[in-house]
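Residue numbering for the sequence shown follows our numbering, beginning at 3 and increasing consecutively. For each residue, glycine too, the CB sits at the ideal point set by N, CA and C. Below: one structure, written as structure tokens.
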Amino acid sequence: MNLITRRRILFTNNLLITKHFSRKNSSLSTKDAEDTIDTINTEDTKDTKNTKEKIPSTLYSLSARLNLNFANQNLLLQAVTHKNFHENDLLTNEGLQVLGNHALGLYVTEYLHLKYPLLPLPCIQQAITAYCGHLTLTVIGQEVGLQYVVRWNNFTDEELFLQGKEIPKKNKSVGKSREPVQRITQGTAISHALKAIVGALYIDKGPQSARQFIHDHILSRDVNMQDVIEIREPKRELSALMKRLKRPSPISRLKSETGRLSYAPAFVVGVYSGTEQLGEGFGSSVKMAEFRAGKNALLQYYLKEARDFTLPSIIDSHEKQATYIPTKVGDTPPRL
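Right, here's the structure in full:
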């Protein structure tokens with residue numbers, strides 16, 4: 003029993019006692035009692051509103067830890083409130099999450115596309131997922147402590163009804179029935195909250211702050227880019243690449259070997275285009291070493307990094323635009 007309920011019960015008892023004695027002494031009229039009840043209800047409503055707007059200390063700690071510095075802390079509270087949170091009639095992070103998701107896609111794609119200008123499109127898409135996919139954002143959110151501040155309910159419609167909680171009704175303005183509430187895991191709520199924080203930064207501080215947050219907390223992490231490149235036929239792909247670049251066809255050459263007739267032979271093969279060595283590989287057979295040499299040559303070509311490149315998103319003035327030199331981006335086809 004909360005404080006508000008206790009106050010109401012106590013006042014009702016006092017009112018009944020007062021009415022009993024008012025038959026002899028008309029000291030309190032019914033109208034005064036009704037006015038007093040209205041006053042208490044008004045105060046209770048104010049207390050409830052104040053409770054809704056109260057920001058927990060853990061949220062301030064998160065803001066300081068991530069150096070967010072929101073001008074409106076209620077926006078951060080909204081960013082960590084999932085759309086299935088039915089405890090209070092508050093704004094949710096659904097819109098902020100959509101905005102943050104697009105901002106993440108823009109700035110991460112921009113960075114990877116310029117840093118690895120020769121990377122094929124499917125590999126860039128895999129790299130984007132590795133940097134800002136659902137699982138990655140969940141891990142990042144847990145590391146910064148989002149699981150202690152995110153607000154969500156892991157309930158379905160039936161469970162909400164059994165617990166006596168209000169279920170959102172049909173949206174009459176749209177004319178369509180509401181979809182059933184799906185079970186949301188904590189990882190999904192954390193991932194959505196982190197995207198919503200990016201969206202809130204975009205609104206509250208501008209696109210530059212959102213971009214800086216993404217570079218500081220997401221793009222600063224190490225991702226093994228070799229894992230995002232799947233090469234099944236390196237010899238065929240390398241031949242097609244050399245033909246496209248109008249260079250001599252690749253040739254495999256055995257560089258060294260040991261223990262050919264033993265139980266543990268080792269071979270080193272190099273793949274060449276003319277006199278230039280493109281890659282090198284080793285293995286327990288010549289075929290395995292040749293496969294690894296071709297794959298090594300393709301990885302060296304695809305993962306060639308651009309140095310000192312300028313991101314187009316930082317061009318925010320006419321002066322910078324006048325001196326901006328775009329980075330040359332390759333046009334490696336998705337499949338060779």
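Self-check item: Opening and closing residue of the beta strand (DSSP E) in which T260 lies
Solution: Sequence index remark: in the sequence shown, residue 260 carries index 258 (1-based). It spans 252 to 260 - the beta strand (DSSP E) in which T260 sits, taken as one unbroken run.
Exercise. Indicate whether F284 and V270 have their beta-carbon atoms separated by less than 8 Å.
Key: Within the sequence shown, numbered from 1, the residue matching residue 284 stands at position 282. Within the sequence shown, numbered from 1, the residue matching residue 270 stands at position 268. Yes, these two residues count as a Cβ contact at 8 Å.
Practice problem: Please look up how many angstroms separate the CB atoms of S286 and A268, rounded, as I've assumed it's under 8 Å. | Solution: Against the sequence shown, residue 286 aligns to sequence position 284. Against the sequence shown, residue 268 aligns to sequence position 266. At roughly 7 Å, the Cβ-Cβ gap stays under 8 Å, so S286 and A268 are in contact.
Quiz item: Do V230 and A129 have their C-beta atoms within less than 8 Å of each other?
Solution: Working through the sequence shown from its first residue, we reach residue 230 at position 228. Working through the sequence shown from its first residue, we reach residue 129 at position 127. At a Cβ-Cβ threshold of 8 Å, V230 and A129 count as neighbours.
Self-check item: Proximity of Q214 and L301 at Cβ, strictly below 8 Å
Solution: As a working mapping, residue 214 is identified with position 212 in the sequence shown. As a working mapping, residue 301 is identified with position 299 in the sequence shown. L301 sits away from Q214, with the two beta carbons spaced by 8 Å or more.
Quiz item: Helix or strand or just coil, what does DSSP make of V273?
Solution: Against the sequence shown, residue 273 aligns to sequence position 271. In the displayed model, V273 falls within a strand according to three-state DSSP.
Self-check item: Contained alpha helix (DSSP H) runs [length at least 4] in the region 190 to 253, N- to C-terminal order
Solution: Runs of the alpha helix (DSSP H) lying entirely within the region 190 to 253 and spanning at least 4 residues, in chain order: 209 to 219, 236 to 246.
Quiz item: DSSP beta-bridge partners for G143?
Solution: By one-based count along the sequence shown, residue 143 stands at place 141. Beta-bridge partners of G143 (DSSP): none assigned.
Quiz item: Which residues share a DSSP beta bridge with G285?
Solution: Indexing the sequence shown from 1 puts residue 285 at position 283. Within the DSSP secondary-structure output, G285 pairs in a beta bridge with F269.
Self-check item: Simplified DSSP state of L106, which is helix, strand or coil
Solution: As a first step, residue 106 must be located in the sequence shown, where it is residue number 104. Residue state, collapsed to three classes: helix.
Exercise. For D318, I'd like the list of residues in its chain whose CB is within less than 6 Å of its CB, leaving aside the five on either flank, ordered along the chain.
Key: Here residue 318 refers to the residue found at position 316 when the sequence shown is read from its first residue. Closer than 6 Å at the Cβ level, and outside the excluded window around D318, lies no residue.
Quiz item: Between S211, E282, R153, H115, which lies nearest to A73 when the distance is taken from Cα to Cα?
Solution: The residue you call residue 73 lines up with position 71 of the sequence shown. Closest option to A73, Cα to Cα, is S211.
Self-check item: CA-to-CA distance, R238 to F293, given in whole angstroms
Solution: Numbered from 1 along the sequence shown, position 291 holds the residue referred to as residue 293. Numbered from 1 along the sequence shown, position 236 holds the residue referred to as residue 238. Cα to Cα, the separation comes out at about 10 Å.
Exercise. Using a threshold of 8 Å, state whether the C-beta atoms of S65 and T140 are closer than that.
Key: Position 63 of the sequence shown, counted from the start, is the residue given in the question as residue 65. Position 138 of the sequence shown, counted from the start, is the residue given in the question as residue 140. In this structure, S65 lies away from T140, with their beta-carbon atoms at least 8 Å apart.
Self-check item: Inter-residue spacing [alpha-carbon to alpha-carbon] between T131 and L137
Solution: As a position in the sequence shown, residue 131 is number 129, starting the count at 1. As a position in the sequence shown, residue 137 is number 135, starting the count at 1. Looking at the two C-alpha atoms, the distance is approximately 9 Å.
Quiz prompt | 8 Å contact criterion, which G332 and L120 should meet: CB distance rounded | solution = Here the question's residue 332 lines up with position 330 in the sequence shown. Here the question's residue 120 lines up with position 118 in the sequence shown. In this structure G332 is in contact with L120, their Cβ atoms being roughly 4 Å apart against a cut-off of 8 Å.
Quiz item: Applying the criterion that 16 or more other CB atoms from any shown protein chain within 10 Å of the CB defines a buried residue, is A291 buried or exposed?
Solution: Position 289 of the sequence shown, counting from 1, holds the residue named residue 291. Answer is buried; the Cβ neighbour count reaches 16.
Self-check item: Beta-carbon contacts of I126 that lie in its chain and below 6 Å, excluding the five residues immediately before and after
Solution: Walking along the sequence shown from the start, residue 126 turns up at place 124. Counting only Cβ-Cβ distances below 6 Å, and skipping sequence neighbours, we find L114.
Practice problem: List the DSSP bridge partners of E278. | Solution: Along the sequence shown, one-based indexing puts residue 278 at 276. Answer is S275.
Quiz prompt | Exposed unless 16 or more other CB atoms sit within 10 angstroms - verdict on S222 | solution = By one-based count along the sequence shown, residue 222 stands at place 220. By the neighbour-count rule (16 or more Cβ atoms within 10 Å), S222 is not buried but exposed.
Exercise. Taking 8 Å as the cut-off, decide whether the C-beta atoms of I142 and L196 are in contact.
Key: Locating residue 142 in the sequence shown gives position 140, counting from the first residue. Locating residue 196 in the sequence shown gives position 194, counting from the first residue. Taking 8 Å as the Cβ cut-off, I142 and L196 qualify as a contacting pair.
Quiz item: Just the Cα atoms here: how many angstroms apart are K54 and L77?
Solution: As a first step, residue 54 must be located in the sequence shown, where it is residue number 52. As a first step, residue 77 must be located in the sequence shown, where it is residue number 75. With a pLDDT of only 48 at K54, under 50, the local geometry of the prediction cannot be trusted, and no value is derived from it.
Quiz item: What's the C-alpha gap between G97 and H104?
Solution: Here residue 97 refers to the residue found at position 95 of the sequence shown. Here residue 104 refers to the residue found at position 102 of the sequence shown. The alpha-carbon atoms of G97 and H104 are separated by roughly 11 Å.
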